[in-house]
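K.L.:
Residue numbers (this note's numbering), protein chains in the order written: chain A, 825 to 1075; chain B, 3 to 463.
1) Does the structure place the segment 1043-1053 of chain A close enough to the segment 1065-1074 of chain A that three or more beta carbon pairs sit under 8 Å?
2) Excluding sequence positions up to five away, which residues of its chain have a Cβ less than 7 Å from the Cβ of residue 115 of chain B?
3) Distance check for residue 332 of chain B and residue 251 of chain B, CA to CA, integer angstroms please.
4) From the DSSP output, which residues share a beta bridge with residue 836 of chain A?
5) Can you list, in chain order, the residues of its chain with a C-beta nearer than 7 Å to that of residue 301 of chain B? Leave out the 5 residues immediately preceding and following it.
6) Taking Cβ-Cβ distances shorter than 8 Å, what residues in chain B pair up with residue 891 of chain A?
7) Count the CB pairs spanning the segment 311-327 of chain B and the segment 239-257 of chain B that are closer than 8 Å, and state whether there are at least three.
8) Measuring straight from C-alpha to C-alpha, what distance separates residue 207 of chain B and residue 256 of chain B?
9) Who are the Cβ neighbours of residue 915 of chain A in its own chain at under 6 Å, not counting the five residues just before and after it?
10) Out of curiosity, what's the CA-to-CA distance linking residue 969 of chain A and residue 963 of chain A?
11) Considering only the beta carbon of each residue, do residue 992 of chain A and residue 935 of chain A sit closer than 8 Å?
12) Looking at residue 1036 of chain A: is its Cβ nearer than 8 Å to the Cβ of residue 866 of chain A?
13) May I ask you to verify whether the segment 198-205 of chain B touches the segment 368-381 of chain B, counting CB pairs closer than 8 Å and requiring at least 3?
14) With a cut-off of 8 Å on the beta carbons, I'd call residue 932 of chain A and residue 977 of chain A a contact; round off their distance for me.
15) Three-state secondary structure (DSSP) at residue 1 of chain B?
16) When we look at the beta-carbon of residue 947 of chain A and count the other beta-carbons within 10 Å, is it buried (16 or more) or exposed?
17) At least one CB of chain A closer than 8 Å to the CB of residue 263 of chain B: is that the case?
18) Taking beta-carbon pairs under 8 Å, can you tell me which members of the segment 337-353 of chain B lie near chain A?
19) Would you kindly report the start and end of the unbroken alpha helix (DSSP H) that includes residue 929 of chain A?
20) Any Cβ of chain A within less than 8 Å of the Cβ of residue 463 of chain B?
21) For chain B, find out if any of its Cβ atoms is closer than 8 Å to the Cβ of residue 1030 of chain A; answer yes or no.
22) Can you tell me the Cα-Cα spacing of residue 1010 of chain A and residue 361 of chain B, whole angstroms?
23) To the nearest angstrom, how far is the alpha carbon of residue 118 of chain B from that of residue 291 of chain B?
24) Can you tell me the Cα-Cα spacing of residue 874 of chain A and residue 270 of chain B, whole angstroms?
25) Which of the residues in the segment 427-459 of chain B, read from start to end, lie with their CB under 8 Å from any CB of chain A?
26) If we define contact as Cβ-Cβ less than 8 Å, is residue 944 of chain A a contact residue for chain B?
27) Could you tell me whether the Cβ atoms of residue 296 of chain B and residue 315 of chain B are closer together than 8 Å?
28) Going by C-alpha to C-alpha distance, which of A/905, A/985 and A/843 sits closest to residue 788 of chain A?
29) Would DSSP call residue 217 of chain B helix, strand or coil?
30) Could you list the residues in the segment 879-913 of chain A with a C-beta less than 9 Å from some C-beta on chain B, going in chain order?
31) So which residues of chain A does residue 355 of chain B contact, with C-beta pairs closer than 7 Å?
32) By DSSP's criteria, residue 849 of chain A is part of a beta bridge. Which residues make up the other side?
33) When the Cα atoms are used, what is the spatial distance from residue 53 of chain B to residue 90 of chain B?
Listed below in structure tokens is the structure:
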């Protein structure tokens, strides 16, 4: 089933065009990987999906992006509600300089999702459990989140993102700042999370894309060169550029 | 004369630089490898020129007057003059030699003045000779020593190190000197006025000490109830409090606006405009407070049936607050801007609005820096003098009514030290005691502020 449908998306930074005519369908409850060399626009595309490009003054987005058949670029779209539905995990772990508990309860608090302290405790606990962090931190929930290791911080950020039960989770190179063990933990987690969430992950590691994703899109110079099932892209791509990139001939 | 000599030495320095470099090039042209760039050979010679000149100049400045004085006064020895009288004779001699003496001229003094002039000219010409020969000798020595494998880079670097060290040492020693002079005068003050009376006394009336007849013996009891610092400490903190009531909300809100809401264009113009406020001299704020705000408040108060003094704590504090706004707004703008963008992104991605993000993420993250900026503002408010002197009067009233006039530590120091004053007088020393307490208060505030700001930095680095 199609969760997100992008149609002819163009993105401009000032006068410079960053994305050209991107049309891409994203399957529900699957992991879609976006790969491509640096500066190819894959992160820009990811940020279109929860309208994070709004934050950048000079950035403008054209085209339709339908999520559950609703165009999020429409004027009637409420960005606050949209971002509640579409969570995001960033390249560098960015826990707030608050306690672990406050980090996870941040989203539920601003969206008024918990009626009582007890309910909030429950949300925090489930989110941390889903992010496979609960066992490590359950005794120090009221210590600052910035005191964790890099991998733990990134899982904390994942817990923060899933605390509001988003339908889609966007991950922008979530493992690029982590060591191989922490990376393996996050990848395992992604596999688990796709049962309840649709996941789109931008990655520089083709091995990671091959390991975690079911679908892959290859971006090059602002264009979506090819997309399809990960198996096909990695074993038998239609486009020569894709072939060259996958086999490491450029990028 | 000295100026010509100095210019000549500077020229000599440049010449030695030129010769040093030239010699280095000559060595280089013989295909020998130099141990340093040619400039270093030039600098090396210039330093050999500067150091002897500097040493001889300073020795001369220190010893010449003493030696001349000794020689002049040797004529008067064994004539039973007292030291004070000898000093007077010497001063008269100097004045006469400059043609500025107006009193009765005795032949003795006239002779001394002539001797003084001849001694000075001998000293001057011998200085020229010694300095120049020393320079030439040392430069020639250094020039001979330069060869392809002589070390020039290390001495030059060491010399620069020493110069920079001396500069920072001078700054530190001056500060230490000021603090020590404060300490000793303060101790003298507390020998006459008990510390307890100063810290807990509620009457500040230094004029009383001033009207004392100078022939009277120094009697500590007559100072009781004169130097009680409570009213002026209270006044200081009260006016600073009023100032901060104005400066904190306005400064902070404009800081947040500039950092988070203002577009690049608005920020580009608004920030320098706000910082202009910081460039206005405080004396201008002072007459703004005294001539515009004070009378305005008085009229406003009168029309509402309130008794408002033309010189009120409110006028001084309010204007002082306006003066401090740019400090708080600019500093808090800086700390808010330096909160990493990733935290903002994280918050927006959770669906938080701008105000929620500011309130829940950015403000707490920037809080230590903001507190630091506020504390710096407070120490400015406490140290501010001109506005208070001009707008809040000089009588130290113990009051908490912002509509009355009150006075501060700094203003009282001004009152005490304007006009005639005698060293060793408790009234003058009171200024040092006040200065000392002011110094301690602002020092503590600055230490706390720096600590807080440092802690904030550690969190993100």
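Heads up, the beta-carbon is just placed ideally off N, CA and C, and yes, glycines get one too.
P.N.:
Short version:
1) yes
2) In the second chain, residue 115 of chain B corresponds to position 113, counting from 1. 95, 98 and 99, listed in sequence order.
3) Sequence index remark: in the second chain, residue 251 of chain B carries index 249 (1-based). Sequence index remark: in the second chain, residue 332 of chain B carries index 330 (1-based). The alpha-carbon atoms of residue 251 of chain B and residue 332 of chain B are separated by roughly 13 Å.
4) Here residue 836 of chain A corresponds to residue number 12 of the first chain, with the count starting at 1. The partner list for residue 836 of chain A (beta bridge, DSSP) reads A/841 and A/884.
5) Position 299 of the second chain, counted from the start, is the residue given in the question as residue 301 of chain B. Contacts found: none.
6) Numbered from 1 along the first chain, position 67 holds the residue referred to as residue 891 of chain A. What residue 891 of chain A touches in chain B: nothing, since even the nearest Cβ is about 14 Å away.
7) yes
8) Counting from 1 along the second chain, the entry for residue 207 of chain B is found at position 205. Counting from 1 along the second chain, the entry for residue 256 of chain B is found at position 254. C-alpha separation (whole angstroms): 42 Å.
9) Locating residue 915 of chain A in the first chain gives position 91, where the first residue counts as 1. These residues qualify, in order along the chain: 996, 997 and 1000.
10) For the purposes of this step, residue 969 of chain A is taken as residue 145 along the first chain, with counting starting at 1. For the purposes of this step, residue 963 of chain A is taken as residue 139 along the first chain, with counting starting at 1. Spanning the two alpha carbons is a distance of roughly 13 Å.
11) Here residue 992 of chain A corresponds to residue number 168 of the first chain, with the count starting at 1. Here residue 935 of chain A corresponds to residue number 111 of the first chain, with the count starting at 1. For residue 992 of chain A and residue 935 of chain A, no; Cβs fall outside 8 Å.
12) By 1-based counting over the first chain, the position of residue 1036 of chain A is 212. By 1-based counting over the first chain, the position of residue 866 of chain A is 42. The answer is no: Cβ separation not under 8 Å.
13) no
14) Locating residue 932 of chain A in the first chain gives position 108, counting from the first residue. Locating residue 977 of chain A in the first chain gives position 153, counting from the first residue. No, residue 932 of chain A and residue 977 of chain A are not in contact; Cβ-Cβ is about 20 Å, not under 8 Å.
15) Residue 1 of chain B falls outside the range modelled here, since chain B spans only 3 to 463, and no answer is possible.
16) As a position in the first chain, residue 947 of chain A is number 123, starting the count at 1. Its Cβ being crowded by 16 or more others within 10 Å, residue 947 of chain A is buried.
17) Locating residue 263 of chain B in the second chain gives position 261, where the first residue counts as 1. Output row for residue 263 of chain B: interface = no.
18) 342, 344, 345, 346, 347, 348, 349, 350, 351, 352 and 353
19) Translated into the one-based positions of the first chain, residue 929 of chain A becomes position 105. Residues 924-934.
20) In the second chain, counting from the first residue as 1, residue 463 of chain B sits at position 461. At residue 463 of chain B, the pLDDT of 48 sits below 50, so the modelled position is not reliable and the matter cannot be decided from this model.
21) Numbered from its first residue, the first chain carries residue 1030 of chain A at position 206. Judged by the 8 Å Cβ criterion, residue 1030 of chain A is not in contact with chain B.
22) Start at 1 with the first residue of the first chain, and residue 1010 of chain A comes out as number 186. Start at 1 with the first residue of the second chain, and residue 361 of chain B comes out as number 359. So the two alpha carbons sit approximately 31 Å from each other.
23) Sequence index remark: in the second chain, residue 118 of chain B carries index 116 (1-based). Sequence index remark: in the second chain, residue 291 of chain B carries index 289 (1-based). So the two alpha carbons sit approximately 56 Å from each other.
24) The residue given as residue 874 of chain A occupies position 50 in the first chain. The residue given as residue 270 of chain B occupies position 268 in the second chain. If I take the Cα positions, the gap works out to 30 Å.
25) none
26) Numbered from its first residue, the first chain carries residue 944 of chain A at position 120. Residue 944 of chain A does not count as touching chain B.
27) By 1-based counting over the second chain, the position of residue 296 of chain B is 294. By 1-based counting over the second chain, the position of residue 315 of chain B is 313. Going by C-beta atoms, residue 296 of chain B is not nearer than 8 Å to residue 315 of chain B.
28) This structure cannot speak to residue 788 of chain A, because chain A is shown only from 825 to 1075.
29) By 1-based counting over the second chain, the position of residue 217 of chain B is 215. Residue placement at residue 217 of chain B is poorly supported in this model, since its pLDDT is 47, which falls under 50; the coordinates still yield a value, given next. DSSP places residue 217 of chain B in coil when its eight states are reduced to three.
30) 879, 881, 903, 904, 905, 906, 907, 908, 909, 910, 911, 912 and 913
31) The residue you call residue 355 of chain B lines up with position 353 of the second chain. Those are 904, listed as they occur along chain A.
32) In the first chain, counting from the first residue as 1, residue 849 of chain A sits at position 25. DSSP output for residue 849 of chain A lists A/829 as bridge partner(s).
33) Position 51 of the second chain, counted from the first residue, corresponds to residue 53 of chain B. Position 88 of the second chain, counted from the first residue, corresponds to residue 90 of chain B. Spanning the two alpha carbons is a distance of roughly 37 Å.
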